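Q: Below is one structure. I have some questions about it.
Protein chains: 2
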Amino acid sequence: MTTTAGSTRRIAILAHEKFPDRAKTALGVIRYGGDEIVAVLDRDNAGSSVTDHVSDVRDAPIVDSFAAIDNDVDALLIGIAPIGGGFDESWRDDVETAIRAGCDIIAGLHYFLNEDEELVSLAEEHGVELVDVRKPKDDLTVSQGIADQVDAHVALTVGTDCSVGKMTVALEVVEAAKEAGIDAALIPTGQTGIMIEGWGNPIDRVVSDFTAGAVEEMILDVGDEYDLLVVEGQGTIIHPAYSAVTCGILHGSMAESLILCHVAGREAIHGYEDVSIPSIDTYVELYESLAAPVFDTEIVAGALNTRKLDDDGAQQAVDTYADELGLPATDPVRFDAATIVEGLDL
Amino acid sequence: MTTTAGSTRRIAILAHEKFPDRAKTALGVIRYGGDEIVAVLDRDNAGSSVTDHVSDVRDAPIVDSFAAIDNDVDALLIGIAPIGGGFDESWRDDVETAIRAGCDIIAGLHYFLNEDEELVSLAEEHGVELVDVRKPKDDLTVSQGIADQVDAHVALTVGTDCSVGKMTVALEVVEAAKEAGIDAALIPTGQTGIMIEGWGNPIDRVVSDFTAGAVEEMILDVGDEYDLLVVEGQGTIIHPAYSAVTCGILHGSMAESLILCHVAGREAIHGYEDVSIPSIDTYVELYESLAAPVFDTEIVAGALNTRKLDDDGAQQAVDTYADELGLPATDPVRFDAATIVEGLDL
């Protein structure tokens, strides 16, 4: 990663034909990022603005192309990903216009901008940077098993499945901790988290032997500067395809506290419908017992994604989840992450 | 991988200054490989022969350089790896002499021969191939969670630590199964296994998201051609650095039977002395419970590495291990892997 945490840039976000519901990265950056949002590019919604579609976020105009932006922009961020993570040729015109206007381009695609000869040569010509956040650094290595030596309390969001909200929960916990006067930071492990924070390792793209090491490296890097680090978890420990990533993050982080993230009502692993979601007790037992030989940890709180429920249903689901866990639980997006911060018992 | 299973080549093995004790790959290929061994290169042992150093293996002369071999050779195999997996410049003369003699070069180093301009251009000139077995294929992808659909019974060697003998056990089980009339094959997941079999995916080098998928792909490829596949396991599920690889192999293989491999007397994770080896029961519980939500499996037998014990001590240690497991156990190198094959209950 070449972008730097803490900088305030003026960014435009490309989200053609997908804003807001299929633009997870765009929405994450708008909701949680520190950059100024100059405009969102979505040719299907041009003329409206962000808050016409989403509440409780910063507003920005939606335009049909980069050329239609009449303010200065420092960077154009690709805020969507087609299935397969390729580069959609319908974006090229906007990307090239942005480069000509002196903008860096930031993407989290499987397709690396830096391997696109046309974009590389145009970027060189205009002195701008192409940032592929999903390309791992070259100097990653194996874990030393020492992430527990940092001063910060390390918490990790673990899940019952993919796409349950582990990144969002981590971000909400960081925010709530800061509001409670705790010096907290996110450890970003996926492309959206990396775009929001401006640094991080894309754990799902590193060499499998370095999975734990790539998490440890980030914790060692900043762990003495904060009181609380919240590691963005990935996948689930029972995922037929992605459990390796989950397991590496668990052991690499050596997190003292685990926050178990779940979606109300989900019954099977997303995309692997033959694999039923087991009991919440099963997850607690698996995460804790798998960590135990390496470091001491426990599930200390639950985060429930209740997006598909109404307010009454959500409160009821959260109460049931808290009962199942025997621990504090909440939906940190709908309600407040303070409950989880209290669960960390700092 | 471009080499093909089943071919019989005439190979020389480079093992300078490390044969036999620090030449795990060389020894594995001599003991279990199907290729004819023309010579071993070790400048410290030149003039002796393989069986002067190791018993129960095929003999071959040990020479000080490739130039000293007076037979035809099809390929030179790098049978050692320095710490870090680099290319030792003291090997270059032998490698270049081999290329000039029309030999393919096969290596499992972190350093890829195909990125060494000098070797690449020499290989092109002489029409030979540089095979980096540790370089993953480009077309790997995520697991579909369907390895359990093949006709073969799939067994997996899992371990209490790294370097306990999971590859050796898998190879011995395949051999014993064949002797019992079962059509069996190894699923190679590491560089030595790949060199022995002439195909396979180097699981520790694949992108973490594809860990399970790279195992599944191999099982789907050959799973209907055999009655038994024995997957070469890696690491241990409680390894501070490598557990991601272990976890991905477990879920990717969907193995019906697990063989728990252990070294008699080992008390801590190799290289991570703060992490004590927990009870054998703990491993059984962890491997089985982690697999359970995805597929049905159980530990069916134990393999104990008793290399450091005398015969009496070994038998006693095996008996104790069998008692702890409540299952058949043996040291398949010192004794016989038939016990384990029986445990598979095919």
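Residue numbers (my numbering), protein chains in the order written: chain A, 6 to 351; chain B, 6 to 351. Don't be surprised by glycine CBs; every beta carbon is placed ideally from N, CA and C. Since we're looking at a predicted model, the values are computed, not measured.
Between which two residues does the beta strand (DSSP E) containing R15 (chain B) stretch?
A: As a first step, residue 15 (chain B) must be located in the second sequence, where it is residue number 10. Segment 15-19, the beta strand (DSSP E) holding R15 (chain B).
Q: Within the continuous beta strand (DSSP E) that includes D137 (chain B), where are the two ends?
A: In the second sequence, residue 137 (chain B) corresponds to position 132, counting from 1. Segment 135-137, the beta strand (DSSP E) holding D137 (chain B).
Q: Between which two residues does the alpha helix (DSSP H) harbouring Y326 (chain A) extend?
A: Here the question's residue 326 (chain A) lines up with position 321 in the first sequence. That run of the alpha helix (DSSP H) goes 316-330.
Q: Tell me, which residues are paired with G164 (chain B) by DSSP?
A: Looking up residue 164 (chain B) in the second sequence gives position 159. G164 (chain B) is bridged to B:C266.
Q: Alpha carbons only, please: which of B:I74, B:L32, B:G240 is nearest the one belonging to S60 (chain B)?
A: Numbered from 1 along the second sequence, position 55 holds the residue referred to as residue 60 (chain B). Among B:I74, B:L32, B:G240, the Cα nearest to that of S60 (chain B) belongs to B:L32.
Q: At least one CB of chain B closer than 8 Å to the CB of P298 (chain A): is that the case?
A: As a working note, residue 298 (chain A) is residue 293 in the first sequence. P298 (chain A) counts as touching chain B.
Q: Between which two residues does the alpha helix (DSSP H) carrying G348 (chain A) extend?
A: Walking along the first sequence from the start, residue 348 (chain A) turns up at place 343. Run containing G348 (chain A): 343-349, per the alpha helix (DSSP H) assignment.
Q: With distances taken Cα to Cα, identify the nearest neighbour of R97 (chain A) among A:I83, A:I88, A:I254, A:A157.
A: If you number the first sequence from 1, residue 97 (chain A) lands on position 92. The shortest Cα separation from R97 (chain A) among A:I83, A:I88, A:I254, A:A157 belongs to A:I83.
Q: Please check the pair Y231 (chain B) and A157 (chain B), which I expect to be a contact at CB under 8 Å, by giving their CB distance rounded to whole angstroms.
A: Locating residue 231 (chain B) in the second sequence gives position 226, counting from the first residue. Locating residue 157 (chain B) in the second sequence gives position 152, counting from the first residue. Confirmed, Cβ separation roughly 5 Å.
Q: Taking only beta-carbon positions, decide if A112 (chain A) is within less than 8 Å of chain B.
A: Counting from 1 along the first sequence, the entry for residue 112 (chain A) is found at position 107. Taking Cβ atoms only, chain B never reaches closer than 8 Å to A112 (chain A), which makes this a no.
Q: Just the C-alpha distance for I162 (chain B) and A319 (chain A), rounded to the nearest angstrom, thanks.
A: Here residue 162 (chain B) is taken as the residue at index 157 of the second sequence, counted from 1. Here residue 319 (chain A) is taken as the residue at index 314 of the first sequence, counted from 1. A small fix is needed here, since residue 162 (chain B) is Thr in this sequence, not Ile. Each residue's Cα considered, the two are about 45 Å apart.
Q: So with CB distances below 7 Å, who are the chain B contacts of V253 (chain A)?
A: As a working mapping, residue 253 (chain A) is identified with position 248 in the first sequence. The amino acid occupying residue 253 (chain A) in the given sequence is Gly; Val does not appear at that position. Correct list: S213, S248, A249.
Q: Please confirm if P193 (chain B) has its CB atom under 8 Å from at least one CB of chain A.
A: In the second sequence, counting from the first residue as 1, residue 193 (chain B) sits at position 188. P193 (chain B) does not count as touching chain A.
Q: Using a beta-carbon distance below 8 Å, is V280 (chain B) in contact with chain A?
A: Start at 1 with the first residue of the second sequence, and residue 280 (chain B) comes out as number 275. Yes, contact with chain A.
Q: Name the DSSP bridge partner or partners of S352 (chain A)?
A: Chain A is shown only over 6 to 351; residue 352 (chain A) falls outside these bounds and no answer can be derived.
Q: Looking at the C-beta of I243 (chain A), does it have a partner C-beta in chain B at a distance below 8 Å?
A: Stepping through the first sequence from its first residue, residue 243 (chain A) is reached at position 238. Judged by the 8 Å Cβ criterion, I243 (chain A) is in contact with chain B.
Q: With a cut-off of 8 Å, does the C-beta of I208 (chain A) fall near any C-beta of chain B?
A: Along the first sequence, one-based indexing puts residue 208 (chain A) at 203. It does; some Cβ of chain B falls within 8 Å.
Q: Relative to chain A, which residues along the stretch 121-155 of chain B have a C-beta separation below 8 Å, given in chain order?
A: Residues passing the 8 Å Cβ filter: V147, S148, Q149, G150.
Q: Among residues of its own chain, excluding the 5 on either side of A93 (chain B), which ones have a beta-carbon nearer than 6 Å to its beta-carbon?
A: By one-based count along the second sequence, residue 93 (chain B) stands at place 88. The amino acid occupying residue 93 (chain B) in the given sequence is Asp; Ala does not appear at that position. Same-chain partners within the cutoff: P87.
Q: At a Cβ threshold of 8 Å, is A217 (chain B) touching chain A?
A: As a position in the second sequence, residue 217 (chain B) is number 212, starting the count at 1. By this cut-off, A217 (chain B) is an interface position.
Q: Given a threshold of 16 other Cβ atoms within 10 Å of its Cβ, counted over all protein chains shown, does R63 (chain A) qualify as buried or as exposed?
A: The residue you call residue 63 (chain A) lines up with position 58 of the first sequence. That one is exposed.
Q: Let me know the secondary structure DSSP gives H158 (chain A) once reduced to three states.
A: Translated into positions along the first sequence, residue 158 (chain A) becomes position 153. Correct three-state label for H158 (chain A): strand.
Q: What does E41 (chain B) pair with, by DSSP beta-bridge criteria?
A: Residue 41 (chain B) sits at position 36 when you count from the first residue of the second sequence. Paired residue(s): B:R15.
Q: Hey, out of A:V236, A:G307, A:A65, whose CA is closest to E329 (chain A)'s CA?
A: Taking the first sequence and counting its residues from 1, the one referred to as residue 329 (chain A) is at position 324. Comparing Cα positions, the closest option is A:G307.
Q: Counting only Cβ pairs nearer than 7 Å, list the residues of chain A close to L291 (chain B).
A: Your numbering for residue 291 (chain B) matches position 286 in the second sequence. Under the 7 Å cutoff, chain A gives S294, L295.
Q: Taking the beta strand (DSSP E) that V305 (chain A) belongs to, which residues open and close that run?
A: Translated into the one-based positions of the first sequence, residue 305 (chain A) becomes position 300. Start and end: 303-310.
Q: Chain B partners of Y277 (chain A), CB-CB under 7 Å?
A: To locate residue 277 (chain A), count along the first sequence from 1; it is residue 272. Within 7 Å Cβ-Cβ: G150.
Q: Within this structure, are the beta carbons of A269 (chain B) and L233 (chain B) separated by less than 8 Å?
A: As a working mapping, residue 269 (chain B) is identified with position 264 in the second sequence. As a working mapping, residue 233 (chain B) is identified with position 228 in the second sequence. Cβ distance not < 8 Å, so A269 (chain B) and L233 (chain B) don't count as in contact.
Q: Taking T287 (chain A) as the query, report the chain B residues whose CB atoms sit under 9 Å from its CB, ordered along the chain.
A: On the first sequence, residue 287 (chain A) is found 282 positions in, with the first residue counted as 1. Near T287 (chain A) (Cβ distances below 9 Å), the residues of chain B are S294, A297, P298.
Q: In three-state DSSP terms, what is T335 (chain B)?
A: Indexing the second sequence from 1 puts residue 335 (chain B) at position 330. The answer is strand: DSSP assigns T335 (chain B) an E or B state.
Q: Does any C-beta atom of chain B lie closer than 8 Å to the C-beta of I25 (chain A)?
A: For the purposes of this step, residue 25 (chain A) is identified with residue 20 of the first sequence, where counting begins at 1. For clarity, residue 25 (chain A) is Pro in the given sequence; the question names Ile instead. False, the Cβ-Cβ gap to chain B never drops below 8 Å.
Q: Comparing alpha-carbon positions, which option in A:W204, A:D341, A:E130, A:G113 lies nearest K29 (chain A)?
A: Residue numbering aside, residue 29 (chain A) sits at position 24 when the first sequence is read from its first letter. Per the Cα distances, A:G113.
Q: Any beta carbon from chain A within less than 8 Å of P87 (chain B)'s own beta carbon?
A: Reading the second sequence from its first residue, position 82 is the one you call residue 87 (chain B). By this cut-off, P87 (chain B) is not an interface position.
Q: Please classify S262 (chain B) as buried or exposed, where buried requires at least 16 neighbouring CB atoms within 10 angstroms.
A: Locating residue 262 (chain B) in the second sequence gives position 257, counting from the first residue. It is buried - the Cβ of S262 (chain B) has at least 16 other Cβ atoms within 10 Å.
Q: Please check if any C-beta of chain A sits within less than 8 Å of the C-beta of H21 (chain B).
A: Residue mapping note: residue 21 (chain B) aligns to position 16 of the second sequence, counting from 1. No, H21 (chain B) lies away from the interface with chain A (no Cβ there is under 8 Å from its Cβ).
Q: Could you tell me whether the Cβ of H256 (chain B) comes closer than 8 Å to any Cβ of chain A?
A: Along the second sequence, read from residue 1 onward, the residue named residue 256 (chain B) stands at position 251. It does; some Cβ of chain A falls within 8 Å.
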